[in-house]
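So the structure is just underneath, and the comments pick up after that.
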Amino acid sequence: MLERHGVDHAIYYGAKANKSCALVAAAVAAGAGVDVSSLAEFRDAVRAGATPDRICATGPAKSTAFLRALVEAGALIAVDSLEELDDIAALAPAGAGERAIRILLRYRPTSAERSRFGMERGALAVALERVAACDSVFRLEGFHFHLGGYDPETRVVALRELVPLIEIARMRGLDPRTIDIGGGLPVRYVEPELYEAHLTAQGPWHYRTGRVPRSFYPYGGRISAADWLERFLSATPMVGTTVAAFLRSRGLTLALEPGRSLVDQSAISLFRITRVKALGGDERVIFVEGSSFSACETWFASEFLVDPILVPGAASGVDEAARPVRAFVAGHSCLDEDVLTHRLIRFDREPRAGDLMIWANTAGYQMDLLENEFHRHPAPARLTATVGADGAFHFASDI
Ligand SMILES: Cc1ncc(COP(=O)(O)O)c(C=O)c1O
2 MLERHGVDHA IYYGAKANKS CALVAAAVAA GAGVDVSSLA EFRDAVRAGA TPDRICATGP
62 AKSTAFLRAL VEAGALIAVD SLEELDDIAA LAPAGAGERA IRILLRYRPT SAERSRFGME
122 RGALAVALER VAACDSVFRL EGFHFHLGGY DPETRVVALR ELVPLIEIAR MRGLDPRTID
182 IGGGLPVRYV EPELYEAHLT AQGPWHYRTG RVPRSFYPYG GRISAADWLE RFLSATPMVG
242 TTVAAFLRSR GLTLALEPGR SLVDQSAISL FRITRVKALG GDERVIFVEG SSFSACETWF
302 ASEFLVDPIL VPGAASGVDE AARPVRAFVA GHSCLDEDVL THRLIRFDRE PRAGDLMIWA
362 NTAGYQMDLL ENEFHRHPAP ARLTATVGAD GAFHFASDI
């Protein structure tokens with residue numbers, strides 16, 4: 002798509018989507034750069050073979066150690082604030098010159114005016130002034146923004162807002178060449194028609210809380226990640242000019258930091274059932290080994306709408322009299338909020354202790370994002386599976 006539009010581009014895998022080092026390595030092996038937000042992610046990227054020109058650091062509160070490592074390596078830094086700009090200047094090697102620190106300035110689009118990330122127009126203009134005054138310390142490579150939500154149009158508007166700032170930078174003798182629009186390309190878990198039918202049919206009776214969450218990830222959105230890019234590149238924010246034509250005419254590289262969409266279909270999560278408790282009628286609560294810190298949508302007042310697959314454990318024989326039940330799934334902690342689903346999921350037969358529940362496609366923020374050792378339970382294992390020459394799966398720890 003990017004090539005079809007003749008747009009110079011750089012893709013940085015948003016390593017925040019998953020803690021797996023193997024996924025970072027897979028991204029680097031596929032030719033992508035890495036978007037890192039901590040010293041640990043930076044080290045993973047370097048270990049995976051990403052060269053500094055293929056590493057871009059984002060995030061609002063980079064530690065001094067992280068900033069120092071980025072400066073020493075010569076990686077690209079998306080600067081979040083004037084304060085951070087000053088901190089980075091203080092880390093500049095004496096007589097930086099040739100080794101000027103490579104930066105993007107993070108813009109806060111007006112659609113995100115309440116966001117704490119990035120700089121609004123006024124602050125960004127001040128940043129440009131400071132950068133131009135310290136041209137031996139900084140090399141301004143361009144601008145960055147990242148927006149919540151999954152709508153390409155909001156990115157088009159943000160890009161249009163950036164145009165005058167690109168001009169100001171050039172008037173100040175700077176040479177911005179990159180526009181980094183962050184991530185947010187959607188993953189389509191199910192077909193849009195199925196998803197819409199699901200949303201229409203669901204009601205409070207499907208949730209143990211008696212409430213349907215107010216918002217969901219667009220599990221079956223109308224547009225795929227490819228459509229998203231097409232919509233962005235062919236939008237016409239400037240009279241008669243598409244985004245793609247604008248980028249080409251100004252010699253700008255489009256950088257993207259997809260996280261969730263790059264790890265689509267690359268992981269599963271597995272929980273062993275420890276107990277099933279009857280709640281009256283056909284309702285059950287299933288307790289699993291592990292917690293909702295692994296499947297964390299419920300912590301954001303939403304739900305992961307993918308249903309688990311129930312795999313009978315060794316002790317679960319065939320039950321001729323099996324009757325369907327509905328169950329929500331709870332973690333092993335003492336927190337009432339620790340539920341993997343508020344949703345009452347329908348099972349054709351009663352789940353049993355020792356059975357396994359498998360959720361597919363959890364790599365994008367649904368694996369062990371918030372996981373910890375609550376109650377001193379060991380954190381769940383993160384494993385990488387490879388297929389050996391013998392055709393069998395081989396598992397290795399991915400820490
Ligand atoms: C700066 C930045 N870039 C990229 C991403 C990745 O977004 P996504 O996983 O939706 O593609 C995020 C996610 O929060 C982010 O904050």
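Whatever position you read off the sequence shown (first residue = 1), add 1 for the working numbering. Note that beta-carbon positions come from the ideal geometry of N, C-alpha and C, so glycine has one too. All values derive from a computational prediction rather than experimental measurement.
Alpha-carbon to alpha-carbon, residue j and residue i
{"i": "Phe144", "j": "Thr59", "result": "12 Å"}
{"i": "Pro153", "j": "Pro214", "result": "24 Å"}
{"i": "Ser250", "j": "Gly174", "result": "19 Å"}
{"i": "Leu248", "j": "Leu370", "result": "35 Å"}
{"i": "Arg44", "j": "Ser112", "result": "34 Å"}
{"i": "Arg122", "j": "Ser21", "result": "36 Å"}
{"i": "Phe348", "j": "Ala328", "result": "8 Å"}
{"i": "Val286", "j": "Asp308", "result": "15 Å"}
{"i": "Arg5", "j": "Gly34", "result": "21 Å"}
{"i": "Leu306", "j": "Leu253", "result": "39 Å"}
{"i": "Ala315", "j": "Pro381", "result": "21 Å"}
{"i": "Tyr196", "j": "Ser303", "result": "15 Å"}
{"i": "Gly32", "j": "Arg55", "result": "9 Å"}
{"i": "Ala26", "j": "Asp283", "result": "46 Å"}
{"i": "Leu234", "j": "Leu77", "result": "24 Å"}
{"i": "Trp300", "j": "Glu338", "result": "8 Å"}
{"i": "Val340", "j": "Glu194", "result": "28 Å"}
{"i": "Tyr218", "j": "Glu192", "result": "14 Å"}
{"i": "Val158", "j": "Ala236", "result": "10 Å"}
{"i": "Asp228", "j": "Phe394", "result": "34 Å"}
{"i": "Ile102", "j": "Asp36", "result": "17 Å"}
{"i": "Tyr405", "j": "Thr52", "result": "Given a span of 2 to 400 for the chain in the structure shown, any question on residue 405 remains unanswerable."}
Simplified DSSP assignment, three categories, for residue i
{"i": "Glu42", "result": "helix"}
{"i": "Asp152", "result": "coil"}
{"i": "Ala31", "result": "coil"}
{"i": "Phe288", "result": "strand"}
{"i": "Ile12", "result": "strand"}
{"i": "Leu401", "result": "In the structure displayed, the chain extends from 2 to 400; residue 401 sits before or after that span and is not available."}
{"i": "Lys63", "result": "coil"}
{"i": "Leu271", "result": "strand"}
{"i": "Phe348", "result": "strand"}
{"i": "Ala386", "result": "strand"}
{"i": "Ile182", "result": "coil"}
{"i": "Ala316", "result": "coil"}
{"i": "Leu255", "result": "strand"}
{"i": "Val240", "result": "coil"}
{"i": "Arg161", "result": "helix"}
{"i": "His199", "result": "helix"}
{"i": "Leu370", "result": "coil"}
{"i": "Thr210", "result": "coil"}
{"i": "Val307", "result": "coil"}
beta-carbon residue i near ligand 1 non-hydrogen atom, thresh 6 Å
{"i": "Glu154", "result": "no"}
{"i": "Arg261", "result": "yes"}
{"i": "Thr111", "result": "no"}
{"i": "Thr59", "result": "yes"}
{"i": "His10", "result": "no"}
{"i": "Glu42", "result": "no"}
{"i": "Ala18", "result": "yes"}
{"i": "Glu194", "result": "no"}
{"i": "His147", "result": "yes"}
{"i": "Glu374", "result": "no"}
{"i": "Glu258", "result": "yes"}
{"i": "Gly389", "result": "no"}
{"i": "Gly185", "result": "yes"}
{"i": "Gly15", "result": "yes"}
Host beta strand (DSSP E) of residue i (start-end)
{"i": "Cys57", "result": "56-58"}
{"i": "Arg140", "result": "139-145"}
{"i": "Val330", "result": "326-331"}
{"i": "Val80", "result": "77-80"}
{"i": "Ala361", "result": "357-361"}
{"i": "Ser398", "result": "394-398"}
Alpha helix (DSSP H) segment containing residue i, residue limits
{"i": "Arg232", "result": "226-235"}
{"i": "Arg249", "result": "244-250"}
{"i": "Ala91", "result": "83-91"}
{"i": "Ala134", "result": "122-134"}
contact_flag[the segment 274-290, the segment 333-352] where n(CB pairs < 8 Å) is 3 or more: Result yes; three or more Cβ-Cβ pairs closer than 8 Å.
Cβ contact (3+ pairs, closer than 8 Å) linking the segment 258-269 and the segment 177-184: Yes, they touch.
Cβ contact (3+ pairs, closer than 8 Å) linking the segment 355-368 and the segment 266-285: Counting C-beta pairs closer than 8 Å gives three or more between the segment 355-368 and the segment 266-285, which meets the contact rule.
Inter-stretch contact at 8 Å, needing at least 3 Cβ pairs: the segment 155-174 / the segment 125-138: Short answer: they touch.
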